[in-house]
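What follows is one structure encoded as structure tokens, with my remarks underneath.
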Amino acid sequence: MPKIHPETKVLIIKKLKTRSTAYVADTFNVCQRHVQRIKKTFEDTGDVFDKPRSGRPRKTTAREDRLLARKSKASPFSTAAELHETWSPEVPVSTRTVCRILSRNGLHGRISAQKPALNKRQLKNRVAFAKAHSLLKGWALEKWKKVDFSDESSVKLHHSRRKYCRRPIGARMDPRFTQKTVTFGGGKIMVWGYIQYGGVREICRVEGNINSLKYQEILANSYIPNHKRGQILQQDGAPSHTSISTSKFLKAKKIKMLQDCPAQSPDMNIIEHMWGMMKEEA
1 MPKIHPETKV
11 LIIKKLKTRS
21 TAYVADTFNV
31 CQRHVQRIKK
41 TFEDTGDVFD
51 KPRSGRPRKT
61 TAREDRLLAR
71 KSKASPFSTA
81 AELHETWSPE
91 VPVSTRTVCR
101 ILSRNGLHGR
111 ISAQKPALNK
121 RQLKNRVAFA
131 KAHSLLKGWA
141 LEKWKKVDFS
151 DESSVKLHHS
161 RRKYCRRPIG
171 ARMDPRFTQK
181 TVTFGGGKIM
191 VWGYIQYGGV
201 REICRVEGNI
211 NSLKYQEILA
221 NSYIPNHKRG
231 QILQQDGAPS
241 HTSISTSKFL
251 KAKKIKMLQD
261 CPAQSPDMNI
271 IEHMWGMMKE
281 EA
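Given below as structure tokens:
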């Protein structure tokens, strides 16, 4: 039966008081069977509105839904198709139904966040660095304003494949749902730069790999001419940064260093935000 507006049904009932079913059907451009159903509904219920329907019955039970949710939580990087193969409900369902059930349980498909792969030693060093440079140790905002955050970065020619996972709302950075990353080694455009409290100070393109001599050349051309007394240079623990020759070079130039910067910790270097914006533009 096609959808007929309730107001039209009311007019049909009124018309039936003085006219035949055939006449009313022709007047409102509906078939006689529909007019008869509207009349019967009105006689049985005293109203023209349809009875509320329960909707399409669910194919799966609540227990089966909970089992599917547990499987997804145990293996968050599994696709809906993969979960479907190991789930085995009583009634066959589609992959789309699997997605809907998981969504009802608060598990939504998202691209996994990427975090550096850290070992126990690196985690320990991060905590030690944070404690040594806390407000209690005299590192107030005014002191952090003197830090020059530096780093190299590369614009990738071939981006790493992002992986989908299914996770609860608010769990984006939960280690169970993040994709671990390592240093990229493919084709790239390498740049070096540093940023201060007042903004970006310098960005220069670097040809080839950065060894100790090339890093010292970068500092001599792009950092030292702008360096002011009292400023503190932050750099990561790359071999070219911590080599004996680079250490002697920095000491000779009287460059004060931010000590014990932990490895694999880009989140502790604010220049990473600038790299992110630069790569988005690229």
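Numbering-wise (full-length UniProt numbering), the sequence shown opens with residue 1 and increments by one.
Each residue gets a CB set at the ideal place from its N, CA and C atoms; glycine is no exception.
Out of the options, state which residue places its alpha-carbon closest to the alpha-carbon of residue i.
| i | options | result |
| --- | --- | --- |
| Gln231 | Pro239, Ser240, Lys253 | Lys253 |
| Thr242 | Val147, Lys228, Ala263, Ser222 | Ala263 |
| His227 | Ala238, Met257, Arg205, Gly208 | Met257 |
| Val206 | Lys163, Leu219, Ser134 | Leu219 |
| Ala80 | Gly109, Pro57, Arg19 | Gly109 |
| Ser150 | Ile224, Ser134, Ile195, Tyr164 | Ile195 |
| Lys17 | Asn29, Glu43, Lys3, Cys31 | Glu43 |
| Asn221 | Ile203, Lys73, Gly208 | Ile203 |
| Thr181 | Pro225, Arg121, Lys115 | Lys115 |
| Asp50 | Glu64, His34, Trp192 | His34 |
| Gln36 | Ile12, Thr45, Gly46, Thr27 | Ile12 |
| Ile38 | Glu64, Lys9, Tyr23 | Lys9 |
| Gln122 | Met277, Gly276, Cys261 | Cys261 |
| Gly46 | Val191, Lys14, Pro225 | Lys14 |
| Ser154 | Arg19, Tyr23, Lys143, Gly208 | Gly208 |
Give the straight-line distance between the Cα atoms of residue i and residue j, rounded to the nearest whole angstrom.
| i | j | result |
| --- | --- | --- |
| Ile271 | Val200 | 9 angstroms |
| Arg126 | Asp236 | 12 angstroms |
| Ile244 | Lys214 | 14 angstroms |
| Ser103 | Ala117 | 29 angstroms |
| Asp267 | Ala62 | 42 angstroms |
| Lys41 | Arg56 | The sequence given here places Thr at residue 41; Lys does not occur at that position. Approximately 22 angstroms between the Cα atoms of the pair. |
| Tyr223 | Asn119 | 32 angstroms |
| Leu136 | Ala130 | 11 angstroms |
| residue 301 | His133 | Because the chain is modelled from 1 through 282, residue 301 falls outside the range shown and cannot be assessed. |
| Phe249 | Ile255 | 9 angstroms |
| Cys31 | Arg100 | 38 angstroms |
| Pro89 | Trp139 | 59 angstroms |
| Arg229 | Ser78 | 54 angstroms |
| Lys3 | Thr27 | 17 angstroms |
| Arg66 | Gly276 | 39 angstroms |
| Tyr164 | Arg172 | 12 angstroms |
| Glu64 | Gly170 | 25 angstroms |
Do residue i and residue j have their C-beta atoms closer together than 8 angstroms?
| i | j | result |
| --- | --- | --- |
| Pro76 | Val48 | no |
| Pro175 | Leu107 | no |
| Lys59 | Thr97 | yes |
| Thr178 | Gln216 | no |
| Glu152 | Ile210 | yes |
| Arg166 | Ile111 | no |
| Tyr197 | Lys279 | no |
| Gln259 | Val147 | no |
| Ala69 | Asn29 | no |
| Thr86 | Lys71 | yes |
| Ser212 | Ser240 | yes |
Taking all protein chains shown into account, do 16 or more other C-beta atoms lie within 10 angstroms of the C-beta of residue i, making it buried, or fewer, making it exposed?
| i | result |
| --- | --- |
| His84 | buried |
| Val91 | exposed |
| Ala128 | exposed |
| Asn269 | buried |
| Gly74 | The question names Gly, but residue 74 in the sequence shown is Ala. Exposed is the call here. |
| Gly193 | buried |
| Met274 | buried |
Kindly say whether residue i, judged by its beta-carbon, lies nearer than 8 angstroms to any beta-carbon of chain D.
| i | result |
| --- | --- |
| Leu107 | Here chain D cannot be found, since the structure has a single protein chain. |
Ignoring anything shorter than 3 residues, give me the beta strand (DSSP E) runs that lie fully in the stretch 107-134, in order along the chain. 107-111, 113-116
Curious, which full-length beta strand (DSSP E) runs of at least 3 residues does the UniProt domain "Tc1-like transposase DDE" (149-281) contain? 164-168, 178-181, 188-196, 199-206, 232-234
If you scan the stretch 35-95 from start to end, which runs of the alpha helix (DSSP H) of 4 or more residues do you find wholly inside it? 62-74, 80-87
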